[in-house]
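S.K.:
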Amino acid sequence: MNTELDRREGKKRLAFLIGNAEYECERNVACSVDSVLQFSIVLNELNFGCLMLIDGNKSIIENSFTWFLQMVNDGDTVLIYYAGHGAQSL
């Protein structure tokens, strides 16, 4: 991947990072927020613009992701990272 060429061509590197640690009905995931924060440091060093969301509920995650997608253009590099509990249906 040629970062300098990507910058000249107007391509962006964007990351959507979600760290959910606090839960009402499940055990908390203590390391998920730290995982997102540490990952964002590495991604910033690799010239990624990071949008981080901490302890978001379903609605907040969906709205934030919709907003994030509005920043994405063809040819951009996009990374999505989630740390926390998962569910098959909500």
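So for the sequence shown, UniProt numbering puts the first residue at 1; every next one is plus one.
Note that CB positions come from ideal geometry on N, CA and C, so glycine has one too.
The structure displayed is predicted, hence computed values, not measured ones.
(1) With 16 as the cutoff for other CB atoms within 10 Å, does asparagine 47 come out buried or exposed?
(2) Helix, strand or coil, according to DSSP, for phenylalanine 48 in the structure here?
(3) Which one or two residues does DSSP pair with glycine 19 in a beta bridge?
(4) Thinking C-alpha only, which one of Val33, Phe16 and Lys11 is nearest threonine 66?
M.R.: This is what the structure holds:
(1) By 1-based counting over the sequence shown, the position of residue 47 is 47. The residue is exposed, with fewer than 16 neighbouring Cβ atoms inside 10 Å.
(2) Taking the first residue of the sequence shown as position 1, residue 48 is located at position 48. Coil at phenylalanine 48, not helix or strand.
(3) Numbered from 1 along the sequence shown, position 19 holds the residue referred to as residue 19. For glycine 19, which the question treats as bridged, DSSP gives the partners Ile54 and Ala83.
(4) Along the sequence shown, read from residue 1 onward, the residue named residue 66 stands at position 66. Of the listed residues, the one whose Cα sits closest to threonine 66 is Phe16.
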